[in-house]
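Down below is the structure, laid out as structure tokens.
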Amino acid sequence: MFDIGRYLERFKKISQSRDALRTAVAEAVQEICSITINPKQVDVRDGKVVISCRPAVKTEIFLKKEKILANLSEKTGKKITDIR
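Every position in the sequence shown, counted from 1, becomes a number in my numbering once 103 is added.
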């Protein structure tokens, strides 16, 4: 018989890993740029990080994008290709 609990467990794991990645991005931005962003402002799609914030903050993040990407790669081990 089909066990719905096991099936739903997969989605819970996916959600937890996505939340951990969002938190890692927010921490990397805080560490490198000294800018605090909420992990809810971060979305990860197809290896690209999309941050929803003010243009001035985005510019500061963009200027230090390479350092942030290197930090994320080191901490998470996941391939993040771009920050938008």
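C-beta atoms are modelled at their ideal positions from N, C-alpha and C, and glycine is treated no differently.
Nonlocal neighbours in the same chain, by C-beta distance under 8 angstroms from residue i, ignoring five residues either side
i: I138; result: V132, V160, E163, I164
i: T126; result: P142
i: E134; result: N174
Under the three-state DSSP convention, the category residue i falls into
i: K181; result: coil
i: I140; result: coil
i: D106; result: coil
i: R157; result: coil
i: K167; result: coil
Classification of residue i by the beta-carbon crowding that lies within 10 angstroms, buried from 16 upward
i: I171; result: buried
i: L124; result: buried
i: I140; result: buried
Same chain only: Cβ atoms within 6 angstroms of residue i, ignoring 5 sequence neighbours per side
i: K168; result: I186
i: V153; result: D146, R187
Cut-off 7 angstroms between Cβ atoms - residues of its own chain near residue i, not counting five sequence neighbours on either side
i: T184; result: G150, K151
Bridge partner(s) assigned by DSSP for residue i
i: V152; result: V147, I186
Cβ-Cβ distance between residue i and residue j below 8 angstroms
i: Q144; j: C156; result: yes
i: V147; j: R121; result: yes
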